[in-house]
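Let me begin by presenting the structure, written as structure tokens, before commenting on it.
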Amino acid sequence: MSRRKFLAASMAGSAAATLSLTSGAFGAALLEGYPDGMGVLVDMTRCIGCRSCEAACNKEQRLPAPDMAFDDPAAFDYSYHAGQKRRTTEAAYTVVNRYEIKGEEQPVYRKIQCNHCNEPACLTSCFVNAYTKTKEGAVVFNDKVCVGCRTCMVACPFNIPAYSYSSAFNPVVKKCVFCYETRLKNGLPPACVEICPQEALTFGNRRDLIKIAHQRINDNPGRYVDHLYGEKELGGTSWMYLSSVPFEQLAFDTTLGREPIISNVKGFLGAVPMVLAIWPALFTGFHLLATKKKHAEGHQDDHHIQEDDKR
Amino acid sequence: MKAIISRGFKPIDSPSPDNSARRWTLKEKLLLGMTPRQYFGQAVCNPFNWVLGLIFLIGVPLLIYRFAFGLGAVTHSSYDYPWGLLLGFGLFVMVPLSASGFLLGTAVNIFGRHDLHHIERLALLNGLLGYFFAVVFLLADLGQPWRLPYPMFVAFGTGAVLFLVAWHVSTYLSVQVAEVSEGFFEWMNWPQAAKFVKKITVGLTVSAIILSTLHQGALGALFTYAPGKLHPLWYAAEFQWIHFFCSSIAAGLCMVIVVSTIIKKTMAWRCDAGFLDNLDAQTITLAKGACMALITYFAIKMLAVAHDNEWAYLATGWGLWFLFELAFGILLPLVILSYGIRRERAGIVRLGAFATVLGIALNRLNCALIAFNWRLYQEVPHWAEVMLCVTIFALYIVVYRAILYRLPILYSWKAKEAHAPEAVKERIPFGVSVRPSHHQVFRTRD
Numbered sequence: 295m296s297r298r299k300f301l302a303a304s305m306a307g308s309a310a311a312t313l314s315l316t317s318g319a320f321g322a323a324l325l326e327g328y329p330d331g332m333g334v335l336v337d338m339t340r341c342i343g344c345r346s347c348e349a350a351c352n353k354e355q356r357l358p359a360p361d362m363a364f365d366d367p368a369a370f371d372y373s374y375h376a377g378q379k380r381r382t383t384e385a386a387y388t389v390v391n392r393y394e395i396k397g398e399e400q401p402v403y404r405k406i407q408c409n410h411c412n413e414p415a416c417l418t419s420c421f422v423n424a425y426t427k428t429k430e431g432a433v434v435f436n437d438k439v440c441v442g443c444r445t446c447m448v449a450c451p452f453n454i455p456a457y458s459y460s461s462a463f464n465p466v467v468k469k470c471v472f473c474y475e476t477r478l479k480n481g482l483p484p485a486c487v488e489i490c491p492q493e494a495l496t497f498g499n500r501r502d503l504i505k506i507a508h509q510r511i512n513d514n515p516g517r518y519v520d521h522l523y524g525e526k527e528l529g530g531t532s533w534m535y536l537s538s539v540p541f542e543q544l545a546f547d548t549t550l551g552r553e554p555i556i557s558n559v560k561g562f563l564g565a566v567p568m569v570l571a572i573w574p575a576l577f578t579g580f581h582l583l584a585t586k587k588k589h590a591e592g593h594q595d596d597h598h599i600q601e602d603d604k605r
Numbered sequence: 046m047k048a049i050i051s052r053g054f055k056p057i058d059s060p061s062p063d064n065s066a067r068r069w070t071l072k073e074k075l076l077l078g079m080t081p082r083q084y085f086g087q088a089v090c091n092p093f094n095w096v097l098g099l100i101f102l103i104g105v106p107l108l109i110y111r112f113a114f115g116l117g118a119v120t121h122s123s124y125d126y127p128w129g130l131l132l133g134f135g136l137f138v139m140v141p142l143s144a145s146g147f148l149l150g151t152a153v154n155i156f157g158r159h160d161l162h163h164i165e166r167l168a169l170l171n172g173l174l175g176y177f178f179a180v181v182f183l184l185a186d187l188g189q190p191w192r193l194p195y196p197m198f199v200a201f202g203t204g205a206v207l208f209l210v211a212w213h214v215s216t217y218l219s220v221q222v223a224e225v226s227e228g229f230f231e232w233m234n235w236p237q238a239a240k241f242v243k244k245i246t247v248g249l250t251v252s253a254i255i256l257s258t259l260h261q262g263a264l265g266a267l268f269t270y271a272p273g274k275l276h277p278l279w280y281a282a283e284f285q286w287i288h289f290f291c292s293s294i295a296a297g298l299c300m301v302i303v304v305s306t307i308i309k310k311t312m313a314w315r316c317d318a319g320f321l322d323n324l325d326a327q328t329i330t331l332a333k334g335a336c337m338a339l340i341t342y343f344a345i346k347m348l349a350v351a352h353d354n355e356w357a358y359l360a361t362g363w364g365l366w367f368l369f370e371l372a373f374g375i376l377l378p379l380v381i382l383s384y385g386i387r388r389e390r391a392g393i394v395r396l397g398a399f400a401t402v403l404g405i406a407l408n409r410l411n412c413a414l415i416a417f418n419w420r421l422y423q424e425v426p427h428w429a430e431v432m433l434c435v436t437i438f439a440l441y442i443v444v445y446r447a448i449l450y451r452l453p454i455l456y457s458w459k460a461k462e463a464h465a466p467e468a469v470k471e472r473i474p475f476g477v478s479v480r481p482s483h484h485q486v487f488r489t490r491d
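Chains C and W, in that order, give the protein sequences.
Following our numbering, the numbering of the first sequence begins with 295 at its first residue and continues without gaps.
Following our numbering, the numbering of the second sequence begins with 46 at its first residue and continues without gaps.
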């Protein structure tokens, strides 16, 4: 093979590789959110731990019957792996946990479910594009293309996606979908919000919810910690929380920062086209340098193994 | 095998039986020139085969069980620990240990280090099989393995790191198949095909470097999706992919040393003199490369700790574990390798290579399992998952060994002089005198 032909071939190859592999979205900068995005404000000072939201979710999403009845307070004492409170599973898209806080008369209840991030880590980590952020703000999941790699579960900073490990032939990721198909799409609040007897959950336009939340904090500075969890965390989430005690005492991760998860990955994604562009020339150059001496000596026309190896 | 060779048996290493026009049939080649009875006899006599048989006796039904009843039946993979040992070992350990293919390809074909060419094919095969079995491990771990082609053909998550991994591993696998096929074509007596592969070697090698850099790095970049979950000492957003890439260089080179050591102990009958005589010198050369990679790796590991100012973590329990990984997985092998290189003692170098392989494996297991979810709890793999890993690894050994027995990896395929002219003619440049053609044999790969 002549050097010219080889160079042409490698250029064409790397150009093709560059085009095919880097044409993806390399993530946006900090998002300001979706203009029509809806959300839910969770006011934990109002929650009494009745778990009717869990029951409503179970019914709405047609999930299997729970191990413990939804009015059984023993669920709050359940823990696994010594100290882990309940989390979302393939059979429970939302759970409420109880936290006994020193110095507080009443326990604090925290509802967890998918927070429907503005820039979801699950979405950006999925190699088959199974996740979609709808204009209404929901992060929904297409189980028709899920390969079952479970990278989204690794990526989710809130440990939300669960997986139907028990299914042999169609295991997929399961998580709260904001009741997208049955309710949100039609402008209705999700089942858990609708049923809440304490109005601990407020459904509305995300921008309005932020205003309401700050209003509540301003009106009752003694009642609330001055922080709306989810307003800025990881680029913002559709579900946001108000609390009477510092969030870290309720097992919220307060170390996540404002940058969406994809920001951590951008460095590598940016290096990809660089490697594709630089390596061919660099290593072809090395090759030419390393084999030049042999050409000068007139041994071989090309890069092949020289005489002394032949027997 | 040793017994049968001591009785004068000579395994096939040329297209036809000595002094005859007859060609070996494919069946004869597959049986190395033995009768089926002889072949079966020597296989049964090998106690290692009994161990393999026992593993498959337990492992194969378990594998069937896994696919019939789902991952939940055989793993502790949980909502918190979606990746267990099948990926932690099968993907994250196997892939760096298989960096050997592109490293030796680069050294020989790009940098012109032809002194390493006796071990090049072994390194290429090690790379190909390592990647192939990483995919097998992946298939066993994926929820719906039959959908593996989806990122290629059905749905494209182009911004995802895993998308790059999928594309790079699959394209790199085909590059490696092409690289290794040269030996296969010689063995099949298809010299034209072998010659064609030879022609595109440099192109293949350059693509191999590109693809390897990217997906060895991409495996590290996968963890940058989990900044809060992976312990900060193992996490470095900017450096993660370079850490993985750099350590894979040491791992790949040392894996070739480890494999060639095992071959020398157990399969010397299949090696030709060129392989055996040059092995010690090549081992030391490879170890020099591994040392450079290890020193760099150590430097950038410390750089990452400094960059993120994580010194305070070193005083914690996790810090001790991190320091242990550095001491056992980088510094100790570095000391042993350097000592061995300096004294030119291949035996000591081999010990160092073994330590390096263990050290890099420990790093990958730390990232994928041990230091992952450090704020939650420790996951201990299910016994069945361990057994599945052992089974697939045993299958890897069986395939590896079967190929080494047959294809000209450890020995050179001797083509008869009668076939020589056409192969030689092509390669004579102007102004260079034709070599004397009285050689009995020559290496078609040269």
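Glycine included, every Cβ here is placed at the ideal spot set by N, Cα and C.
In terms of beta-carbon proximity, Cys470 of chain C stays away from the interface with chain W, with every pair separated by 8 Å or more. Using a C-beta cut-off of 8 Å, the stretch 436–447 of chain C makes no contact with the stretch 402–413 of chain C, since fewer than three inter-stretch Cβ pairs fall below that distance.
With fewer than 16 other Cβ atoms from the protein chains shown falling within 10 Å of its own Cβ, Met362 of chain C counts as exposed.
As the crow flies, the alpha-carbon of His159 of chain W is around 21 Å from that of Thr306 of chain W. Ile437 of chain W is not bridged by DSSP to any residue. Taking 8 Å as the cut-off, the Cβ atoms of Trp314 of chain W and Met46 of chain W count as close.
A direct Cα-to-Cα measurement between Pro196 of chain W and His508 of chain C gives close to 43 Å. Cα atoms of Leu275 of chain W and Gly133 of chain W: separation of roughly 14 Å, rounded to the nearest angstrom. Between the C-alpha atoms of Ala351 of chain W and Ala360 of chain W there is a straight-line separation of about 14 Å. A residue is called buried when at least 16 other Cβ atoms come within 10 angstroms of its Cβ; Asp337 of chain C meets this threshold and is buried.
Residue pairing by DSSP places Asn499 of chain C opposite C:Met332 in a beta bridge. For Phe137 of chain W, the secondary structure class from DSSP, reduced to helix, strand or coil, is coil. Going by DSSP, Phe241 of chain W is part of the alpha helix (DSSP H) stretching over 236–244. For His581 of chain C, at least one C-beta of chain W is nearer than 8 Å to its own C-beta. Under the three-state reduction of DSSP, Tyr374 of chain C is assigned to strand. Assigned with DSSP and collapsed to three states, Cys336 of chain W falls in helix. Neighbours of Tyr459 of chain C across chain W, judged by C-beta separation under 7 Å: Gly115, Leu116, Gly117, Ser122. Under the Cβ distance rule, Arg444 of chain C counts among the residues neighbouring chain W, one pair being separated by less than 8 Å. Listed in chain order, the positions of the stretch 243–271 of chain W with a beta carbon within less than 9 Å of a beta carbon of chain C are Lys243, Lys244, Ile245, Thr246, Val247, Gly248, Thr250, Val251, Ser252, Ile254, Ile255, Leu256, Thr258, Leu259, Gly262, Ala263, Gly265, Ala266, Leu267, Phe268, Thr269, Tyr270, Ala271. Closest by C-alpha distance to Leu414 of chain W, out of W:Thr70, W:Ala200, W:Ala263, W:Ala271, is W:Ala271. Apart from sequence neighbours up to five positions away, the residues of its chain that approach Ala118 of chain W with a beta-carbon distance below 7 Å are Tyr110, Arg111, ordered along the chain. Of the candidates W:Tyr358, W:Gly397, W:Trp366, the residue whose Cα lies closest to the Cα of Leu377 of chain W is W:Gly397.
Leu275 of chain W carries a strand assignment under DSSP once its states are collapsed to helix, strand and coil.
Identification of chain C residues near Ile164 of chain W by a Cβ-Cβ cut-off of 9 Å yields none; the smallest Cβ-Cβ distance measures about 13 Å. Your pair Tyr176 of chain W and Val140 of chain W checks out as a contact, with CB atoms roughly 7 Å apart and the cut at 8 Å. Closest in alpha carbon position to Pro453 of chain W, among W:Val138, W:Thr330, W:Pro127, W:Leu170, is W:Leu170.
Assignment of Met534 of chain C by DSSP, reduced to helix, strand and coil, places it in the strand class. The residue among W:Asn418, W:Ala391, W:Leu187 with its C-alpha nearest the C-alpha of His375 of chain C is W:Asn418. Counting along the chain, Phe147 of chain W sits inside no beta strand (DSSP E); it lies in the alpha helix (DSSP H) bounded by residues 145–150. In the DSSP annotation of this structure, the continuous segment of the alpha helix (DSSP H) that includes Val96 of chain W starts and ends at 92–114.
About 7 Å separates the Cβ atoms of Met447 of chain C and Tyr124 of chain W, confirming a contact at the 8 Å cut-off. By the Cβ neighbour-count rule, Cys90 of chain W is exposed, with fewer than 16 other Cβ atoms within 10 Å of its own. Neighbours of Leu570 of chain C in chain W, taken as residues whose beta carbon is under 8 Å from its own, are Ile255, Leu259 in chain order. Burial state of Glu231 of chain W is buried, judged by a 10 Å Cβ sphere holding 16 or more other Cβ atoms. Leu187, Gly188, Gln189, Arg192, Leu193, Tyr195, Pro196, Val199: these are the residues of the stretch 183–199 of chain W whose beta carbon lies less than 7 Å from some beta carbon of chain C, given in chain order. Looking at the DSSP output, Cys411 of chain C bridges to C:Thr531.
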